[in-house]
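Peer 1: Here you go, one structure.
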Amino acid sequence: MPLEFPEHPVSAIAAAVTTAPAARTVRRVRKRAISAPSMSDFVQVGQSVRINVHYDFQVHNYEFEKRNGRCQADLMPSNNVWLRDTPGALIPLFREHRDGLTKSETMRLTGLSRTAVSQRIDALVEAGYLTSGSTTAGDVRGRPAERFTMHVRRGVLLVADTGATEVRTALCDPLGAVLEEQCGPLDITEGPEQILSLIAARFDDLLQRAGVAHDRVLRIGLSLPGPVDHDRQRVVRPPIMTGWDDYDIAERLARDFACPVTVEKDANAMALGEYRQVYPHTPALVFVKIGTGVGTGLIIHGDIYRGADGAAGDIGHVPLHGQPTDKAPQCRCGNDGCVEAYAGGWALARDLSAAGFPARSVNEFIDHVRSGNRMALQLVKQAATIVGTAVSDIVNMVNPRIVVFGGQLAELDDILLATARNVIYGRSLPLATRNLRIAATTLSAPGVHGLAQLLADQVNSAAAVDAILTKTAPRE
Ligand SMILES: [Zn+2]
Numbered sequence: 001m002p003l004e005f006p007e008h009p010v011s012a013i014a015a016a017v018t019t020a021p022a023a024r025t026v027r028r029v030r031k032r033a034i035s036a037p038s039m040s041d042f043v044q045v046g047q048s049v050r051i052n053v054h055y056d057f058q059v060h061n062y063e064f065e066k067r068n069g070r071c072q073a074d075l076m077p078s079n080n081v082w083l084r085d086t087p088g089a090l091i092p093l094f095r096e097h098r099d100g101l102t103k104s105e106t107m108r109l110t111g112l113s114r115t116a117v118s119q120r121i122d123a124l125v126e127a128g129y130l131t132s133g134s135t136t137a138g139d140v141r142g143r144p145a146e147r148f149t150m151h152v153r154r155g156v157l158l159v160a161d162t163g164a165t166e167v168r169t170a171l172c173d174p175l176g177a178v179l180e181e182q183c184g185p186l187d188i189t190e191g192p193e194q195i196l197s198l199i200a201a202r203f204d205d206l207l208q209r210a211g212v213a214h215d216r217v218l219r220i221g222l223s224l225p226g227p228v229d230h231d232r233q234r235v236v237r238p239p240i241m242t243g244w245d246d247y248d249i250a251e252r253l254a255r256d257f258a259c260p261v262t263v264e265k266d267a268n269a270m271a272l273g274e275y276r277q278v279y280p281h282t283p284a285l286v287f288v289k290i291g292t293g294v295g296t297g298l299i300i301h302g303d304i305y306r307g308a309d310g311a312a313g314d315i316g317h318v319p320l321h322g323q324p325t326d327k328a329p330q331c332r333c334g335n336d337g338c339v340e341a342y343a344g345g346w347a348l349a350r351d352l353s354a355a356g357f358p359a360r361s362v363n364e365f366i367d368h369v370r371s372g373n374r375m376a377l378q379l380v381k382q383a384a385t386i387v388g389t390a391v392s393d394i395v396n397m398v399n400p401r402i403v404v405f406g407g408q409l410a411e412l413d414d415i416l417l418a419t420a421r422n423v424i425y426g427r428s429l430p431l432a433t434r435n436l437r438i439a440a441t442t443l444s445a446p447g448v449h450g451l452a453q454l455l456a457d458q459v460n461s462a463a464a465v466d467a468i469l470t471k472t473a474p475r476e
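Per UniProt numbering, the very first residue in the sequence shown carries number 1; after that it's consecutive.
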C-alpha cells in the first residue's frame, strides 16, 4: 500500500523512515543512521523521485510520486538491500558510490561506529575488495581523508552470450565493466560438448590476450537461447538445442575453470543489460529478443522475473491465435503453430526460401529485406504483427514502462518496430500504454552487459564477500 508523505523531500524522507514497516522490526534504532541523501541516492525519474534511505543497516528504496495532487511514496521491496552486520554488508554501499567513500562518510551512511567501520574497511582492503585511493581534504578538521573504492583488479569475470548462430564472449572486471570482447559464429545444434569446448577456447583466448591467469577468474556466466531451470542451472527441454536437455554445464566448464558458473536465459540477460545500462530506474521493463527465435525477458523492480520455474515470458512457443494461414506450420519445438513458427528468424528464412528467394539464416533473410525484396518486407511486417500481438498480452499483464526490442531482426527498426508499436498500442489497455515506451535497443551487446552485471552482483553480494572473508582471514 502506498504511504502518504509531506511534499518536501526531506520531511518526506523523515516521515518515510519513521513509518517504514522495517523500522518496527529492526533490532536497534540508530537515529544518527538517517542520513541526508547524497546525489547518487537522489534520482529524478520523470515525475517521480527515487531515494535510497540508508537506515540501520538497510537501504530503503522509495519512489516518491505526485498522485492525485498529493506526494505519495512506494517502498520498493525487491530493491531493498538488507545490509548485514558484517564487513560484506558495506560492499553494496561502495558499489553504489563509485567515486569512493571515506571512513567518515561510511560512518554517516551506515550509522556504524568509527571502530566498526575501520575494522570492516581494513578487512575488505586486506581481502582485495577495496582499495585505498586518493586522499581528499574532506575532513572537517582539515586532515586529509583516505578514500576507499571497489578494487577493480581483484580478478576477472568471463561471460558468453550465446545465441543460436553466434556467441559473444567477454572478459570483464569484478564490477561488470567489459574489458575485452569478441564475437564469432557458432551452431547451437552441434551440442553442448562441442559448443562448451569452443566457448572455453574463446575464454582462454581472452585471458591470454589480457595476460590474466586462469586462477584469477572469479565466475563464469553463460546465457543460452532456451528455457533455463534457475535452481539447477541447466537447460530444460530446449526446442532447438539438441543434447542440452539437463546437461551439466557447470561440470563441463569445471574441467577448464575452477570457479562457479551461472547459466541464464538469453532474453533475461539482455533485459538486465538494457535495464542497468539504459533504463536503471524503470519499475518494469520487457525485453523482446527476435533473432532466430523469439523470446522475452522481464525486469520487475530491478530484478529478473523468472517465474516459479524459469519459464516466465516465453512467448515464442505459445500457440498463435487467429493464424494467418490455413495450415499451421510446424515449429522447431515439435508443436504446430507457435508464434516462433511464423515470426522467428528461422521461419522467415524458410518462408522466403519457399517463395523462391533462398535464405539459409536470419542474417541472409535480413540481407534480402535490406536489398528491398518485397516478399521479405511483407514477411517482416507479418512477423511484427504476430510478435506485437504476443507482446501486447504481456503489456496488459505486466504493465511495463518500457518494451525494448533486440536481436538481429530488431535491426530492421523502421519496418518492424513501426508495425509492432501500432499493434501493441492498439491491443493494450489505455492505462497500460499511457506511459509506455517502445524502442529498439541502442546497445551493441545487451546480453554481455546483463551477464556481466549478474555476475558482479553475485561475486559482490554481502553473503559471498563474507564467505570469502571468513575463509581467508577469520578475524571477528
Ligand atoms: Zn514452438
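Heads up, the beta-carbon is just placed ideally off N, CA and C, and yes, glycines get one too.
So, L447 versus M270, is the Cβ gap smaller than 9 angstroms?
Peer 2: This sequence places Gly at residue 447; Leu is not what is there. Yes, Cβ-Cβ distance for G447 and M270 is below 9 angstroms.
Peer 1: Using the beta-carbon count (16 or more within 10 Å), is G334 buried or exposed?
Peer 2: It counts as exposed.
Peer 1: For I468, which residues of its own chain have a beta-carbon under 7 angstroms away from its beta-carbon, when the five flanking residues on both sides are left out?
Peer 2: So the qualifying residues of the chain are A127.
Peer 1: Measuring only from the beta carbon, is T390 closer than 8 angstroms to any heavy atom that is part of ligand 1?
Peer 2: According to the sequence provided, residue 390 is Ala. The question's Thr does not apply to it. Every heavy atom of ligand 1 is 8 angstroms or more from the Cβ of A390, so no.
Peer 1: Excluding the five sequence neighbours on either side, which residues of its own chain have a C-beta within less than 8 angstroms of the C-beta of S118, listed in chain order?
Peer 2: K103, listed in sequence order.
Peer 1: Measure the Cβ-Cβ separation of L157 and A452 and say whether it is below 9 angstroms.
Peer 2: Taking 9 angstroms as the Cβ cut-off, L157 and A452 qualify as a contacting pair.
Peer 1: Judging by CA-CA distance, which residue of I315, V159, S353 is the nearest neighbour of C338?
Peer 2: Answer by Cα proximity: I315.
Peer 1: Can you tell me whether DSSP reads I121 as helix, strand or coil?
Peer 2: Helix.
Peer 1: With I424 and V391 assumed to form a contact (beta carbons below 8 angstroms), what rounded beta-carbon distance in angstroms separates them?
Peer 2: Yes, I424 and V391 are in contact; Cβ-Cβ is about 6 angstroms, under 8 angstroms.
Peer 1: Tell me which residue opens and which closes the beta strand (DSSP E) that D303 is part of.
Peer 2: Taken as a continuous stretch (DSSP letters only), the beta strand (DSSP E) holding D303 covers 303 to 305.
Peer 1: CA-CA distance, E251 and T86?
Peer 2: Cα to Cα, the separation comes out at about 32 angstroms.
Peer 1: Three Cβ pairs or more, each shorter than 8 angstroms: is that satisfied between the segment 271 to 286 and the segment 222 to 234?
Peer 2: No, the segment 271 to 286 does not touch the segment 222 to 234.
Peer 1: Looking at ligand 1, does it come within less than 8 angstroms of P239, judged from the CB to the closest heavy atom?
Peer 2: Yes, Cβ of P239 sits closer than 8 angstroms to a heavy atom of ligand 1.
Peer 1: Check whether the Cβ of H317 sits closer than 8 angstroms to any heavy atom of ligand 1, and report yes or no.
Peer 2: Flag set: Cβ of H317 near ligand 1.
Peer 1: Tell me whether E264 is buried or exposed, calling it buried when 16 or more other Cβ atoms sit within 10 Å of its Cβ.
Peer 2: With 16 or more Cβ atoms within 10 Å of its Cβ, E264 is classed as buried.
Peer 1: Using C-beta distances below 6 angstroms, list every residue in its chain close to I249, excluding the 5 sequence neighbours before and after it, in chain order.
Peer 2: Closer than 6 angstroms at Cβ, skipping near neighbours: V263.
Peer 1: Return yes when at least one heavy atom of ligand 1 lies under 8 angstroms from the C-beta of G334, else no.
Peer 2: Checking every heavy atom of ligand 1 against the Cβ of G334, one is found closer than 8 angstroms.
Peer 1: Quick one: complete alpha helix (DSSP H) runs, 4+ long, within the segment 177 to 211?
Peer 2: Counting whole runs of 4 or more residues, the segment 177 to 211 contains the alpha helix (DSSP H) stretches 192 to 210.
Peer 1: Sorry if obvious, but does the Cβ on A341 come closer than 8 angstroms to a heavy atom of ligand 1?
Peer 2: Result yes, Cβ under 8 angstroms from ligand 1.
Peer 1: Could you name the residues of the same chain whose beta carbon sits closer than 6 angstroms to that of T189, not counting the 5 residues immediately before and after it, in chain order?
Peer 2: So the list reads T242, once near-sequence residues are dropped.
Peer 1: So what does G299 bridge to, in DSSP terms?
Peer 2: Inspection of the sequence shows that residue 299 is occupied by Ile rather than by Gly. Answer is L285, I304, bridged to I299.
Peer 1: Hey, out of P280, S223, H214, whose CA is closest to A254's CA?
Peer 2: Of P280, S223, H214, the residue nearest in Cα terms is H214.
Peer 1: For D314, which of helix, strand or coil comes out of DSSP?
Peer 2: Coil.
Peer 1: In whole angstroms, give me the CA-to-CA distance for G100 and T282.
Peer 2: Answer to the nearest angstrom: the Cα atoms are 25 angstroms apart.
Peer 1: Does the Cβ of S296 have 16 or more other Cβ atoms within 10 Å, making it buried, or fewer, making it exposed?
Peer 2: According to the sequence provided, residue 296 is Thr. The question's Ser does not apply to it. Classification of T296: buried, given that the 10 Å Cβ count is 16 or more.
Peer 1: Checking 9 angstroms against the spacing of the C-beta atoms, do A384 and I415 come in under that value?
Peer 2: Yes, the Cβ-Cβ distance between A384 and I415 is below 9 angstroms.
Peer 1: Check whether the Cβ of C338 sits closer than 8 angstroms to any heavy atom of ligand 1, and report yes or no.
Peer 2: At least one heavy atom of ligand 1 is nearer than 8 angstroms to the Cβ of C338, so yes.
Peer 1: Hey, would you say the C-beta of C331 is under 8 angstroms away from at least one heavy atom of ligand 1?
Peer 2: Under cutoff, so the answer is yes.
Peer 1: Between L171 and E180, which are expected to be in contact by the criterion C-beta below 8 angstroms, what is the C-beta distance as a whole number of angstroms?
Peer 2: That pair is a contact at about 4 angstroms.
Peer 1: Could you round the C-beta distance between R202 and T169 to whole angstroms and report it? I think they count as a contact, below 8 angstroms.
Peer 2: Right, the Cβ-Cβ distance comes to about 4 angstroms (below 8 angstroms), so this counts as a contact.
Peer 1: Might you give, ordered along the chain, the residues of its own chain that have their beta carbon closer than 8 angstroms to the beta carbon of Y247, omitting 5 neighbours on each side?
Peer 2: Only P192, R234, V235 meet the Cβ criterion.
Peer 1: Using the rule of at least 16 other Cβ atoms within 10 Å of the residue's Cβ for burial, across every protein chain shown, is N399 buried or exposed?
Peer 2: So N399 ends up on the buried side.
Peer 1: Which residues mark the beginning and the end of the alpha helix (DSSP H) in which L348 is found?
Peer 2: 345 to 354 is the extent of the alpha helix (DSSP H) around L348.
Peer 1: My understanding is that P225 touches D266, with C-beta atoms under 8 angstroms, so please give their C-beta distance in whole angstroms.
Peer 2: P225 to D266, Cβ: 5 angstroms. Contact.
Peer 1: Out of curiosity, what's the CA-to-CA distance linking D303 and Y275?
Peer 2: Taking the straight line from one Cα to the other gives about 9 angstroms.
Peer 1: CB L222 to CB V178, shorter than 9 angstroms?
Peer 2: Going by C-beta atoms, L222 is not nearer than 9 angstroms to V178.
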